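S.K.: As numbered in my numbering, residues -3 to 985 make up the sequence shown, in order. The beta carbon of each residue, even a glycine, is placed where N, CA and C say it ideally should be. These numbers were taken from a predicted model, which means no experiment stands behind them. This is the structure, below, for whatever I ask next.
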Amino acid sequence: MCQKVYAFAFCSILLLGLISSHSFAPDKDLFLSQDASAQQIWVDSVFNSLTFEERLGQLFMVAAYSNKGKAHQDEISELIQNENLGGLIFFQGGPVRQAQLTNEYQQLAKTPLFIAMDAEWGLGMRLDSVLRFPKQMTLGAASDDVLVYQMGREIARQFKEMGMHINFAPVVDVNSDPENPVIGYRSFGEEKQLVSRKSLAYMQGLQDHGIIANAKHFPGHGNTNSDSHFTTPVILSSKERIVDIDLYPYRELIDKGLMSVMVAHLHIPSLGSEARLPTTLSPKVVTGLLREEMNFQGLIFTDALNMKGVSNLYKPGEVDLLALLAGNDILLYAEDVPKSKKLILEAVEQGKISKEEVDRRVRKVLNAKYWSGLHHPQQVNSQRLVERLSNFGTKALIEQLYASSITVLNNNNEAIPIRHLDMERMASLTLGDKGETFKTYLDKYTGFTHYTLRSNSNRENFAAMEENLKDYSTIVVGVMGMTNNSRRNYGLNEEEIAFINRLQENHKVITVVFGNAYAAEKFKNQENLVLVYEENEFTQSLAPQVIFGGRPGTGKLPISLDQNWSLGHGIQTASLDRLAYSTPEAQNMDSRELMKIDALMEKAIANKATPGGTVLVAKNGSVVFEKSYGHHDYSKSLAVNEKTMYDLASLTKVMATTQAIMFLESRGFIDLDETLETYLPELSGSNKAKLRIRDILTHEAGLLPYIPHFTNTLEGNEWKTEYYSRKNQPPYTLPLADGVYAHQNLPDSVWKWTVASNLRYTGTKSGRYSYRYSDVGMYLLHRLIETMVNQPMNDFLEQHFYSPLGMNRFGFLPLQRFSPNQIAPTEDDRLFRKTLVHGYVHDPGAAIYGGVAGHAGLFGTANDLAKLMQMMLQGGKYGSLEILNQETVEKFTSKQSFRSRRALGWDKPDPEKDKGPTGNLAPLSTFGHTGFTGTAAWADPENQLIYIFLSNRVHPDAGNNRLLRDNVRSDIQDIIYKSIKTHILLANK
C-alpha cells in the first residue's frame, strides 16, 4: 500500500511540475522564509513583547461580518484590544465594507491579525459584488487540472487585494455518501486520487502565491448522511478504510507542503474518538493521528466551535480548552474568548498543558504570520476595489473552468453536437426558471421558438405544452431552479421528468440539467443528456455552445451514478468550428482597450452620425465583443439590440453575389476568365458580351459606377403612373416601401436598361480598363448566377449558405419573415419613394429590381454576418459543412491587380495608409467590404479576427456623411488591433 501511495505522489509531482516548482519537505519548517534571520528576529520581538495571557490570544480567531451594525463592530474591536486576538474569519458582507473594517481592526491590534475566510469557491461565496468560481464538484468534472491551479492563484490574488492571509479551502473530503447533506457538491468527487489531484492543484495555486491553504474536514467528512453544523455525525468506517480513502488526500497534500488543516466535529470510533470527545476534541485524532502518525507540521485549526457537533456537548470556553488540549493550534469561531483564556490558564497551572507547549504553538502562529507578510504594515486599498477583485481575467478563467466541466452523459446517435441546422425545426423548453441567457445563446446558433413550463404544472398544462411542441423535430430542454437537497428530490417535479421522457417518443430531445450531479440520475432515461452542475450566466451561455459544436464537451463525472454512468464517464463531443462566445482575455485581447469602442459609438450617436449600431469582434473563432448602441431612430422609439437587423447595402456584393460565384467556380461550373456571353448567350451582340467575370469582380470591366435606373420612372420629381401605384393591386404588386407599389414587370425593364448601358472609355492603348468601383457588374453576375443554378439567387443562397450556417436573421426581403420593429429604418426618401424606407432595401435600383439584387438587398444581424465571415476564415468550412474549398477562398480574397487594392469581389486595405477603407493597423491580408448605409465586415486571416460594424447612418438623410468623415468605422478597427497589442504587452510585464 505504501509503495502505491508514494508512486502516485511521484506522478502528482510530475503532473503538477508544469504548474509549480514550489515544493515543501514535511520535516522542515513550512513557514520558514528566505530571510530566516530577519524572521527569527521579528518572531522573537513580537513574542517577547507579549505577556503569557496576551500570547494566548494568538490562538483564537473569531467570526467577523461586514454586514452587521456598530454593536458587532464594537464587540470585535474590544476583543482585539483586550484579548490580543490572533485573527478574524470574515463571513457575509461586502468587499469595500470588509476592507475598511480590516484596516480599522489591524490598526487596533497590538499583534497583526490573521484575516481569513471560508471561501471554497472564492470571495463570492461570502461577499456581494464579487464573481463566484465554480464549486468543487464542478471542478471535479473539469478536464484540465491546470485551470484549478490558476483558480487557486486568482483567489490568492483576490485575498491579497482584501488583506487576507488564509483560505479555508480546499475541501478534500472524498464524498462517499450521495446523501451527504453538508459536503456533496463541496467535494471534488468520490474517488481519492481525483480529490487529491484537484486539491493539490488548488492548494499550490494558493500557497505558491502567498495564501495559506487549509485542507478540510479532517479526518474526512465525506462518508456521512448528517451535518456537523446541527449534530455530531457518527462514521462507523474501519480505520483501514479511513486510512486508505479519507486520509489519502491529506497524505498527498502534506507531502507537498500543506500549511494548515481543519479538524471536523465527527465521532469515529475506529480512530479512538469518543461520544463526548469527537475528533476535534480527541487527542488520539489531532495529536496522535494527524501530528504524530502523519507528521503534519503546519497549523491545525478546529472547525467552527459554535457548530452543534461540539457546542451541544460543552459550553463556550470549555470546548475551547478541550480543543487546545487535543492538539489544535488555532481555536476557530471561539464564542467566549475571555472565559476560554481563563480556563486555559487554570489548565496550565494544573499541569494539564505546559506553558512551553502553549508558547511553541504561539511561535508557530507568529512564524506563519511572518510568512504571510504580516511583519509589513497592513493597509487595504479600497479604491476601485470591486473592479480589481473581479477583473476581466477573472471572468475569462471562470468561463474556462465551467466550459471544461460540461459533461455529456447520453448522446444517442451522436445527436450532440447538432450538425444539420437546415434540417431541424427547433424549440426550447425551460423548466423551473425563465432561462433567458440560455435562450439567448440558443438563438445565436439557429432559429428557436421558446417555451417555459411553470413550476407545479398540472395535467392540462402538460397537454397544452405537448400540443405547442408537436410540430418541432428537436426540443432542447433546460432543467433549472434545482436545489442541492437530495431529501427533497433536488427540487425536481417527478411529473415534469415524466413529461420530458414522453417527449422523446415523438421528438429528438436534448436535456440540459443545470444542477447537482447526483440529480442527473433522475434523467437516466433521457437519450441525450448534458450535465452542467450549476445554474448561472456562465453555464447558461456555455451549454448551447456544446450542443451546437461551438465548443467541445470534455467533462467527466466525478462520481458514480449507476452502472452505466460510472466514475469518469463522459462522452467527449467535438467542436464543429462553429462560432463560440467567449471573453477578450480568453482570446488574448484586452477588454479595457475594447471598451474604448463605447466612447466612439456614443460620440458618433451624439454627433448624429448614426442613430445607433452594433459592433461585433470575433477572435480565434470566438465572439469576444458584441454590443449594441443607441436606437433605431433619433426619436428613440426602439433601442438597438443584438437581434436588430440592418440593411447591409453593398455588403450584399460579397455576402451574396460573390459567395454564389465562389460556389460555382469551386465546383468547376464557371471559369473566371470566360466572358459573360459564355454563360449568358442573351448578351451576345451587346457591349457586355465580351466582359470577363474576373474583370467584373475586380471592377476593371469598364462598367459605369452607378446607373440611376429609378430616374427613368420619374417625370421630374413625380412618378410616371405606368410604373407606380399607392395600392397593392395587379399589375402593381412589387412593394418598394409602405404604400408604394411598382409594376410587376419593372425588373425586366431594369435588366434591359442595364444591358443597354454604355461602357466607360478605356483611355489606354491596350484597351484594358482602369479600376472604377461599380454596382452595375453585380446586376450582370446576379443574372449569370440565376441562369446557372436555375432558381432565384435568394433561394439558392438560403439553401446553400444562410440556412445551413444557421443565419436565421439574414437574407433578402426581410418583411416576409420579420416585423418592422426588428429592422432599423433607413432613409426618409423624399425624392423617389416619398416616404420612410423601413424594412425595404434602401438602394433604389435594388428596390425596383424586386428587392433582390446583386449589389444590394441583404439584411441581417452582426452575429449572422460573423458566421459567414468565420466560414471564410476557415477556408470555406463551418459546422459540419464544406461550402467552399480553401483554394477558392484564398484566390478570391487575394489582391488581384496592380491597378487597385481589390481582390475578387472583396475589398482590401490600401497599402497607402489613411486612404483605404480599413483602420491603419489592419494587415494587407485582411478582406471584407463596406456598405453605403453605414456597414462594414472585415476578416483578418493573420490574426484570425473578424470585425463587424452595422448602422443606419442614412436615417433619416442619406446625405449624412459624418460616419465616414469622422472615421468611426476605421477608428474602431484600430482599437481592436490595439486590444491585441495591449494584451501582449501586459502579458509580458
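With a threshold of 16 other CB atoms inside 10 Å of the CB of A752, please say whether the residue is buried or exposed.
M.R.: Under this definition A752 is an exposed residue.
S.K.: Rounding to the nearest angstrom, what Cα-Cα distance links E782 and V526 in this structure?
M.R.: One C-alpha to the other measures close to 44 Å.
S.K.: To the nearest angstrom, report how far apart L900 and F806 are at their CA atoms.
M.R.: C-alpha separation (whole angstroms): 23 Å.
S.K.: Classify L109 as buried or exposed, calling it buried when 16 or more other Cβ atoms lie within 10 Å of its own Cβ.
M.R.: Classification of L109: buried, given that the 10 Å Cβ count is 16 or more.
S.K.: Would you mind reading off the limits of the alpha helix (DSSP H) that contains I980?
M.R.: Looking at the DSSP string, the run of the alpha helix (DSSP H) that includes I980 is 964 to 983.
S.K.: Bridge partners of T298, per DSSP?
M.R.: V259.
S.K.: Between which two residues does the alpha helix (DSSP H) holding V382 run?
M.R.: Where V382 is concerned, the enclosing alpha helix (DSSP H) stretches over 381 to 385.
S.K.: Given this structure, state the Cα-to-Cα distance separating V650 from F894, to the nearest angstrom.
M.R.: Between V650 and F894, the C-alpha separation is close to 21 Å.
S.K.: Since D936 is in the beta strand (DSSP E), which residue starts that stretch and which ends it?
M.R.: Here the beta strand (DSSP E) through D936 covers 931 to 936.
S.K.: Under DSSP, the alpha helix (DSSP H) around F534 begins and ends at which residues?
M.R.: F534 -> alpha helix (DSSP H) spans 533 to 543.
S.K.: Hey, quick one: how far does the alpha helix (DSSP H) through V333 stretch, first residue to last?
M.R.: 333 to 345 is the span of the alpha helix (DSSP H), which, as asked, contains V333.
S.K.: Give the C-beta separation of I326 and M158 to the nearest angstrom, bearing in mind that I take them to be a contact with Cβ-Cβ under 8 Å.
M.R.: Incorrect: roughly 20 Å between the Cβ atoms, too far for contact.
S.K.: Measure the Cβ-Cβ separation of A935 and G927 and say whether it is below 8 Å.
M.R.: Taking 8 Å as the Cβ cut-off, A935 and G927 do not qualify as a contacting pair.
S.K.: D299 and T283 look like a contact to me (Cβ under 8 Å); what is the Cβ gap, rounded to whole Å?
M.R.: D299 to T283, Cβ: 17 Å. No contact.
S.K.: Going by CA-CA distance only, name the one from P130, Q203, K194 that's closest to H161.
M.R.: The shortest Cα separation from H161 among P130, Q203, K194 belongs to Q203.
S.K.: Just to check my reading of the structure: V472 and M422 have Cβ atoms closer than 8 Å, yes? What is that Cβ distance to the nearest angstrom?
M.R.: About 7 Å separates the two Cβ atoms, so the contact holds.
S.K.: Who does L123 pair with in a DSSP beta bridge?
M.R.: Paired residues: G89.
S.K.: What does DSSP give as the partner residues of G807 in its beta bridges?
M.R.: Answer is F855.
S.K.: I'd like the list of long-range same chain contacts for G841, defined as Cβ closer than 6 Å, with 5 residues on each side in sequence excluded.
M.R.: Answer for G841: H705, listed in chain order.
S.K.: Looking at the unbroken beta strand (DSSP E) that takes in V472, where does it start and where does it end?
M.R.: Segment 470 to 475, the beta strand (DSSP E) holding V472.
S.K.: Under the three-state reduction of DSSP, which class applies to A165: helix, strand or coil?
M.R.: Looking at A165 - three-state DSSP - the assignment turns out to be coil, as it is neither helix nor strand.
S.K.: Let's see if you can read the secondary structure: which residues bound the alpha helix (DSSP H) around T783?
M.R.: Unbroken alpha helix (DSSP H) run through T783: 772 to 785.
S.K.: Taking C-beta to C-beta, are Q940 and G712 nearer than 8 Å?
M.R.: No, Cβ-Cβ distance for Q940 and G712 is not below 8 Å.
S.K.: May I ask which residues mark the beginning and end of the alpha helix (DSSP H) holding N457?
M.R.: 455 to 464 is the span of the alpha helix (DSSP H), which, as asked, contains N457.
S.K.: Whether or not the stretch 142 to 150 and the stretch 444 to 455 are in contact is what I'm after, with contact meaning three or more pairs of Cβ atoms, one per stretch, closer than 8 Å; do they touch?
M.R.: No: the two stretches stay apart, fewer than three of their Cβ pairs being nearer than 8 Å.
S.K.: Taking the alpha-carbon positions, what's the S624 to I601 distance?
M.R.: C-alpha separation (whole angstroms): 12 Å.
S.K.: Thinking just about the alpha-carbon of each residue, which of K106, P130, A60 is nearest to the one in A112?
M.R.: Here the closest residue by C-alpha is A60.
S.K.: Express the C-alpha separation of Y486 and G428 in angstroms, rounding to a whole number.
M.R.: In a straight line, the C-alpha of G428 is about 12 Å away from that of Y486.
S.K.: Whole alpha helix (DSSP H) runs in the stretch 562 to 601 with 4 or more residues, listed along the chain?
M.R.: Whole alpha helix (DSSP H) segments, 4+ residues: 587 to 590.
S.K.: Which same chain residues end up closer than 7 Å to P88 when comparing Cβ atoms and leaving out the 5 residues on each side of it in sequence?
M.R.: Strictly speaking, residue 88 in this sequence is Gln, with Pro absent from that position. Hits under 7 Å: Y61, N63, R122.
S.K.: Under 8 Å between the Cβ atoms of K194 and M258?
M.R.: Cβ atoms of K194 and M258: not closer than 8 Å.
S.K.: Alpha carbons only, please: which of G856, T889, H851 is nearest the one belonging to M868?
M.R.: It is T889.
S.K.: Measuring only the C-alpha atoms, how far is Q583 from A513?
M.R.: Taking the straight line joining both Cα atoms gives about 30 Å.
S.K.: Note down the Cα distance separating L232 from V126, rounded to an integer number of angstroms.
M.R.: Between L232 and V126, the C-alpha separation is close to 40 Å.
S.K.: Which of the three DSSP states, helix, strand or coil, is assigned to D418?
M.R.: Reduced to three states, the DSSP call for D418 is helix.
S.K.: State the CB to CB distance for the pair T884 and M658, rounded to an integer number of angstroms; the pair is presumed to be in contact (CB under 8 Å).
M.R.: T884 to M658, Cβ: 5 Å. Contact.
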